[in-house]
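So in the UniProt record's numbering, spot 111 of the sequence shown is number 111, and the numbers just go up one at a time. In this text, a Cβ means the ideal position worked out from N, Cα and C, and glycines have one as well. Accompanying notes for the structure given below.
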Amino acid sequence: MTCTVDLDGDEAPPTYTSLADVYDFKTAAQAAPRYEALYRAYVARFGSAPSLFVRSPGRVNLIGEHIDYAGFSVLPMALNRDILLAVGDIEPVGPGGTVTVRLHHADHAERYVDTEWSHQSGTVLEIDKTVHHWGNYVQGAYRTTLEQIQSDARIGQTLSRFNLAVSSTLPIAAGLSSSAALTCGASLATMAANGVVMKSRQLVRAAIDGEHLAGVACGGMDQSICMLGHREAALRVDFAPHLHVSPVPLPLTSAGEQPVFIIAQTLKTAEKHKYAAVQYNLRFYEATLGAVVLARALNISVPCKTYHAVLNAYYGPEAMRSAPAETLAEAMQRFEDIFPVKGVVNEADVPEMLDISDLSIASLRARYAPDMQCDASGGLHLFARGKHILAEAHRVYAFDALCKLNAGSSMPDPDGTLKALGQLMHESHRSCVELYDCSSPELDTLTTLAEKHGAFGSRLTGAGWGGSCVSLVTADRAAGLIASLCEEYYYQRRPEWRHDPAGQQQLSNMIFASAPQAGANIFRDL
Ligand code: NG1
Ligand code: MG
């Protein structure tokens, strides 16, 4: 998916000199040893001290699942689990000289093998996406960041060689966007190493393009929230007409406290390169074909490949901008009334539905799912997927409106608002189960348990099919909820973790509480 980037604020990501600028007091104290350990690992690997650190957080999507590629707004927040990069041995390379970047993983060097790449200053780095290496994400973002630097006449063009060491508390393939944290962190490190200042929007663009170069056809949600997260607010990310973000402060509880989100992993990973071909890309294809079929049913003549574009063409950009919830409510009804086939559709029958019966399946694919593998042999659930997308988009606006209505004000029934937010999360999960078919038995068990033990609402987050769920709870119930889930979910499946310090350590990154965090930043002179 391509999107133009038009972000609020023209600033560069911040540079800080104290952990307290990012973390609250207690978390800063807990985080300090990680920076020290990474410093030591850098010295051990490269023989000199790093000159700066980059911090790049993971994200959790609070609501708005599988609708970013349909063009609709989503509502994520940055997490208190992050990737740190130590950057050092920065040396400018003259024109035509060889630029080399060395990359080391400080936590799991045996699993994430070291790598390095070189190119002549002034030439483009080639990336081999057929080899699945964790360094591809870093290389991809390195290359696209240099392209941004070189396309901006205001920025100098002398490139530097440098070294990177990485450490992470973000679980991989858990639906918490470790990949975007890595590409955003790599973009920021490349910027800093080259001694230039770029705007956040350029870095978001570079990180998105970098992930594409690594072979993942993603939307822009993950990179936007990672780079632009707010310390005390979730973000609404809009994709049309441009990528645009606005803070969504969460309503306080009746005790005047910030509510808490509990992130809980299923113990079943959701590795993109494994399930993408079967499920994620197929959903993208179903979402695109559904939009095209709807456009045909509404007699829209301009080409539209997303549901958002169809609604925009039918209701007009003004209705979409000023009354999105009302417009979507109308659209949901119309969709039910006029979508031509409510059941499963055979791929071979789609051209007929579009009145272009001489179109081959190969051409249909080339038009609506280019450059992606996907298996449609089980049929296309166009109606069910479309129904989810429209209702989920509506829930995002409802969630946003509830938060904004109650932001900072002392309302009569604050917990009522949290209950209503929880209800939207609950409905979102049901829709992912029943209409989008992207849940798993483990996700259903965890969300049910979370709601039983005091969550206002709980839902899968990220693409699904494994990974994590997110639950909304008051601060005073957070510890109790975590204890209950440990008892009834984790210790049932990993009894050995109960008394083993290493198991407890694993568990602390499997289930944890997070409030919204700041987006990525640089630290100097810590
Ligand atoms: P995950 O698989 O959790 O990183 C993916 C997409 C998002 C969005 C969600 C579903 C990538 C990098 N991310 O998230 O853009 O479509 O699924 O809402 O592909
Ligand atoms: Mg990802």
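Subject >> Exposure label - THR98; buried when at least 16 CB within 10 Å >> reply: Exposed: under 16 other Cβ atoms inside 10 Å.
Original post:
Beta carbon of THR306, beta carbon of ALA329: below 9 Å?
Top reply: Going by C-beta atoms, THR306 is not nearer than 9 Å to ALA329.
Original post:
Considering PHE339, what are the terminal residues of the beta strand (DSSP E) in which it resides?
Top reply: It is not in any beta strand (DSSP E) - PHE339 carries neither H nor E in the DSSP assignment.
**OP:** Kindly indicate which residue of MET227, CYS432, ALA207 has the alpha-carbon position closest to the one of residue 543.
**Re:** Any answer about residue 543 is impossible in this case: the structure gives the chain only from 1 up to 526.
**OP:** Could you pull out every residue in the same chain whose Cβ sits closer than 7 Å to the Cβ of ARG524, ignoring the five residues on either side in sequence?
**Re:** Here the set comprises THR15, THR17, LEU52.
**OP:** Compute every distance between the C-beta of HIS388 and the non-hydrogen atoms of the ligand NG1, then say whether any falls below 8 Å.
**Re:** no
**OP:** Give me whichever residues DSSP pairs with ASP238 in a beta bridge.
**Re:** HIS244
**OP:** Decide yes or no for the touch test of the stretch 389-397 against the stretch 418-438: beta carbon pairs closer than 8 Å, at least 3 of them.
**Re:** With the cut-off at 8 Å, the stretch 389-397 and the stretch 418-438 touch.
**OP:** Using three-state DSSP, classify TYR112 as helix, strand or coil.
**Re:** coil
Subject >> With 16 other Cβ atoms within 10 Å as the buried cut-off, status of SER508 >> reply: exposed
Original post:
Checking contacts by CB at 9 Å: is LYS26 closer than that to chain D?
Top reply: Protein chains in the displayed structure number just one, and chain D is not present.
Subject >> Residues that GLN279 bridges to, as DSSP identifies them >> reply: Its beta-bridge partners do not exist; DSSP assigns none.
Original post:
Rounded to the nearest angstrom, how far is the Cβ of LEU289 from that of LEU382, given a contact under 8 Å?
Top reply: 6 Å
**OP:** Give the DSSP-derived three-state secondary structure of THR183 in the structure shown.
**Re:** helix
Original post:
How many angstroms separate the CA atom of CYS438 from the CA atom of VAL93?
Top reply: 48 Å
**OP:** Quick one: using the 10 Å Cβ neighbour count with 16 as the cut-off for buried, is THR4 buried or exposed?
**Re:** Any answer about THR4 is weak, because its pLDDT of 41 lies below 50 and its placement is not dependable; what the coordinates show is given next. Exposed.
Original post:
DSSP state of ARG231, grouped into three classes?
Top reply: coil
Original post:
Any idea if ARG236 is buried or exposed, counting beta-carbon neighbours within 10 angstroms, 16 or more meaning buried?
Top reply: buried
**OP:** Indicate, with yes or no, if the ligand NG1 has a heavy atom lying under 8 Å from the CB of TYR285.
**Re:** no
Original post:
DSSP three-state call for SER51: helix, strand or coil?
Top reply: strand
Original post:
How is GLY88 classed by DSSP in three states: helix, strand or coil?
Top reply: strand
Subject >> Proximal residues to TYR35 (C-beta, below 8 Å), its chain only, five neighbours per side dropped >> reply: LEU19, PHE53, LEU84, PHE523, LEU526
Subject >> Secondary structure, beta strand (DSSP E): runs of 3+ residues fully inside the stretch 466-493 >> reply: 468-473
**OP:** Answer yes or no: the CB of ASP68 versus the heavy atoms of the ligand NG1, is any distance below 8 Å?
**Re:** yes
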